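Residue numbers are given in full-length UniProt numbering: position 111 of the sequence shown equals residue 111, and the series is strictly consecutive.
Here the structure comes first, spelled out in structure tokens, and everything after it is commentary.
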Amino acid sequence: MQEHDIQNLIRLHVSKYGLATLFRGNVGQAYTGNDGNIIKKADGTVIIKNARPFKSGLPVGWPDLFGFRLIEITPEMVGKELPVFCAIEVKQQGKHPTVAQKACLNYLKDNGCFAGVATSPEEAESILSLTREE
């Protein structure tokens, strides 16, 4: 099973059980040029003269899935719900997060977010649990 397939399983599971609202982070690299340097040919080919790369998306190491989870505040704390940011780095079984991904997840956890690495919907559920053990 590929990471993309695991991501979809996790998003469906989390949504089905109302555990959190998760979004898939997309990143990429493309090439651009000045207006006069982009030529579109009849066959659909695009030529970019003096092309320069640009990166789009989230910071290096950012988790694959992120969003928020509502938790109920006790009456002493006004009794309202508030969103708590959560992030899940999805990996295939046996694969490991990069140093940058680990650093990002640790930063998020250190700042009160729900964050971790999951290879299945059940692991994602554990990351999002208020009672999980570190």
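Virtual Cβ for every residue (Gly too), placed ideally from N, Cα, C.
What you are looking at is a predicted structure, and each value in this text was computed from that prediction instead of being measured.
Would you grab the beta carbon distance between N8 and G57 for me? Rounded to a whole angstrom, and I think it's under 8 angstroms. As a position in the sequence shown, residue 8 is number 8, starting the count at 1. As a position in the sequence shown, residue 57 is number 57, starting the count at 1. The C-beta separation of N8 from G57 comes to about 19 angstroms, leaving the pair out of contact by the 8 angstroms criterion.
May I ask which residues mark the beginning and end of the beta strand (DSSP E) holding Q29? Stepping through the sequence shown from its first residue, residue 29 is reached at position 29. From DSSP, the beta strand (DSSP E) with Q29 extends over G28 to T32.
Pull up the distance between the alpha-carbon of K40 and that of K55, whole angstroms please. Here residue 40 corresponds to residue number 40 of the sequence shown, with the count starting at 1. Here residue 55 corresponds to residue number 55 of the sequence shown, with the count starting at 1. The straight-line gap from Cα to Cα measures roughly 22 angstroms.
Compute the distance between the beta-carbons of L65 and I38, then report whether it is under 7 angstroms. Walking along the sequence shown from the start, residue 65 turns up at place 65. Walking along the sequence shown from the start, residue 38 turns up at place 38. Going by C-beta atoms, L65 is not nearer than 7 angstroms to I38.
Out of S120, P63, K91 and K102, state which residue places its alpha-carbon closest to the alpha-carbon of F85. Residue 85 sits at position 85 when you count from the first residue of the sequence shown. Minimum Cα distance to F85 is reached at P63.
So what does DSSP say about I73, is it helix, strand or coil? Here residue 73 refers to the residue found at position 73 when the sequence shown is read from its first residue. Here I73 sits in coil by DSSP.
Note down, one range per segment and in chain order, each alpha helix (DSSP H) of at least 4 residues found wholly within the UniProt domain "VRR-NUC" (3-120). Those alpha helix (DSSP H) runs which fall completely within the UniProt domain "VRR-NUC" (3-120) and span 4+ residues are 3-16 and 99-110.
CB of R11 within 7 angstroms of CB of L22, strictly: Counting from 1 along the sequence shown, the entry for residue 11 is found at position 11. Counting from 1 along the sequence shown, the entry for residue 22 is found at position 22. The Cβ-Cβ distance between R11 and L22 falls below 7 angstroms.
DSSP on L130, reduced to helix/strand/coil? Residue 130 sits at position 130 when you count from the first residue of the sequence shown. Correct three-state label for L130: coil.
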